[in-house]
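Numbering (this note's numbering), first residue to last: 4 to 643.
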């Protein structure tokens, strides 16, 4: 209810304000791009009858009683189309939103009119009535054909088209399988939906980075819609901070099969009441799913402006609720299996956890731990981000005192990053001042079990390589995604230096330096003061080898290729780990950067495709940080 009221109030405030006429090329407009552009007044939430601009001081009034009412902050600006901008300017009764067309030969880029340049206003291939979204050349004033094989920017546009057209179910990213490979019109199965949260969040991150880099109007719309989808997934379970892997309205009829989404599979919760309807959601959440969502949330919050406060409020509410839940200390019954031994049920004090009551065993959480392979640990009824598992396991009856420290650097990075996202989302928001102060105090000063960020970073500095043959390489991705948030958002100089120098540069980067992982390289180069020479150029070279869509699981056999000799001893069909297979030749993965780079053989499946989020997030991160420039300058997508 609180969340709903916050969102409603934000919408009322934003949509009620633009009621003043303004001169120039357009009139007063609603902050999200709707509303009149001819100077006419429009009734909306917070307004009286159309044309009523009395002096009652309500949002939307021009202050007829002489009161000055600013509806925006000086310096705010955004693109509403390829050639039109919105900006905050002084009006007769305060600052108001105004719109203007760019001049001949100009386009809108990041809210400014720029000669010879423009940003996309629609998604390639979209249709709106009689209009289709196509590529326009501003310099020649002509419509042109995208060239995804030659231009990296057009490749990103093409991947966005394929993903939006075929690779999403109920707003969530999946991997489409086709009955007609080569034609690509008949999807018979959508795979990967059980991992949709991490990739939908990472797609949100890609679109937010695109919005930051270009100001594209379609990116802004995509960011808002993706954030709203993930907001549902963060709340449909009905437990604070508990994320679902995927959710869809109950009764949805799919034109294809979804193997991960079945009401009889034990982890899908069906016909759950939420927001006036019923939903089916996939549970048994894991740490990795949160990383994509929080990466996307953080970047979306930064990319959106005060004109998008309704969406920012949803993000803020979700991340604060998650962190406040992690701050709680609670006592819960636990059924524990430790290194194969079943321990009689006992109560344990826990923190840094989110509970899932619907998945408990008679009110008890379940934990299966193998200290020789922590990645194989299983848990039911809760999700934890505990930097040192000893804090829980030492509470075992009789043998708890024998449990050694079990530092988990990845969880330490995740936990610290969550706090930094919550602090960033509440900065300068008066309504959250008290809650933000409590979060910051806990982050810096908490002296109870589990400690504070200083303790977490001490654990993070134990980061090492546990993979023998790359079997758990994906674990690096679920550390690097939150590392990007932590390194970027940390504002304490001492802590920031520790993150960049002692963790990322000293412990993580040496593991990835020779792996040709463009995504990890961009995160590293964007997060440290002086990245190694060649890190960015090598990443750019590898990213350019990503083929245009569709991203098909083609067969790969490099076992006899002299470029990939010798092979790694003890690892079947892998090049020596001092090398890495080039991106253009390695086996296809759902998210390439989470798959190890040493594989030499894959039988393939010509009917299986991958969504391309891996290309999109890496490309737009490189563009955002100016590691790459626009190779289609002067061209943008427009309605035709």
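Where a beta carbon is used, it is the ideal one built from N, C-alpha and C, also for glycine. Because the structure is a prediction, the values reported are computed rather than measured.
On the premise that residue 393 lies in contact with residue 409, defined as a C-beta separation below 8 angstroms, what is that separation, rounded to the nearest angstrom? 5 angstroms
Mind checking whether residue 620 and residue 212 have CB atoms under 9 angstroms apart? yes
Measure the alpha-carbon distance for residue 198 versus residue 104 and round it to whole angstroms. 43 angstroms
Measuring alpha carbon to alpha carbon, tell me which residue in 411, 385 and 400 is nearest residue 375. 411
So, are the CB atoms of residue 325 and residue 249 less than 9 angstroms apart? no
Return helix, strand or coil for residue 237, following the three-state DSSP convention. If DSSP states are grouped into helix, strand and coil, residue 237 belongs with coil.
From what residue to what residue does the alpha helix (DSSP H) around residue 165 run? 155 to 169
Going by the beta-carbon positions, is the gap between residue 220 and residue 81 smaller than 9 angstroms? yes
Check the C-beta distance from residue 124 over to residue 642 and give it rounded, since I have them as a contact under 8 angstroms. Right, the Cβ-Cβ distance comes to about 7 angstroms (below 8 angstroms), so this counts as a contact.
Residue range of the alpha helix (DSSP H) that includes residue 437: 436 to 448
Using only the alpha-carbon positions, how far apart do residue 167 and residue 474 sit? 31 angstroms
Runs of beta strand (DSSP E) lying entirely within the stretch 93 to 134, each at least 3 residues, in chain order: Fully contained in the stretch 93 to 134 are the following beta strand (DSSP E) runs of length 3 or more, in chain order: 97 to 104, 109 to 112 and 115 to 118.
Host beta strand (DSSP E) of residue 499 (start-end): No beta strand (DSSP E) contains residue 499, which is instead part of the alpha helix (DSSP H) from 496 to 500.
Pairwise C-alpha distance: residue 319 and residue 91: 24 angstroms
When the Cα of residue 295 is compared with those of 419, 170, 203 and 186, which residue comes out closest? 203
Unbroken stretches of the beta strand (DSSP E), 3 residues or longer, contained in the stretch 237 to 305: Here the runs fully enclosed are 249 to 252, 271 to 277 and 280 to 285.
Within this structure, are the beta carbons of residue 339 and residue 288 separated by less than 9 angstroms? Taking 9 angstroms as the Cβ cut-off, residue 339 and residue 288 do not qualify as a contacting pair.
Just how far apart, CA to CA, sit residue 272 and residue 227? Each residue's Cα considered, the two are about 26 angstroms apart.
Quick one: which unbroken alpha helix (DSSP H) runs of 4-plus residues sit fully inside the stretch 462 to 522? Chain order, please. 477 to 492, 496 to 500 and 512 to 515
For residue 613, which three-state DSSP category applies? strand
Should residue 311 be labelled buried (16 or more other beta-carbon atoms within 10 Å of its own) or exposed? buried
At a cut of 8 angstroms, does the stretch 187 to 198 reach the stretch 147 to 162 through at least three beta carbon pairs? With a cut-off of 8 angstroms, the stretch 147 to 162 and the stretch 187 to 198 do not count as touching, because too few Cβ pairs lie within range.
Cβ pair count under 8 angstroms reaching 3, the stretch 574 to 589 against the stretch 547 to 563: yes
Leaving out the 5 sequence neighbours to the left and right, which residues in its chain are closer than 6 angstroms to residue 610 when beta-carbon positions are compared? 180, 181 and 184
Given a threshold of 16 other Cβ atoms within 10 Å of its Cβ, counted over all protein chains shown, does residue 512 qualify as buried or as exposed? Taking a 10 Å sphere around the C-beta of residue 512, we find 16 or more other C-beta atoms and assign the residue as buried.
At the level of alpha carbons, what is the spacing between residue 2 and residue 539? Since the first residue shown for the chain is 4 and the last is 643, residue 2 is missing from the structure and cannot be characterised.
Which residue marks the beginning of the alpha helix (DSSP H) containing residue 398, and which one marks its end? From DSSP, residue 398 is part of no alpha helix (DSSP H); its letter is neither H nor E.
For chain C, find out if any of its Cβ atoms is closer than 9 angstroms to the Cβ of residue 203; answer yes or no. Among the protein chains of the structure shown there is no chain C, as only one such chain exists.
Using beta-carbon positions only, say whether residue 358 and residue 426 come within less than 9 angstroms of one another. Contact: no.
In three-state DSSP terms, what is residue 456? In the structure shown, residue 456 sits in a helix (DSSP, three-state: H, G or I).
Spatial neighbours of residue 406 within its chain, please: C-beta separation below 6 angstroms, excluding the five flanking residues on both sides. 393, 396 and 397
Are there 16 or more other CB atoms within 10 angstroms of the CB of residue 240, so buried, or fewer, so exposed? Buried is the call here.
Is there contact between the stretch 596 to 605 and the stretch 570 to 585, where contact requires at least three CB pairs shorter than 8 angstroms? yes
Residue from 131, 83 and 134 with nearest C-alpha to residue 111: 83
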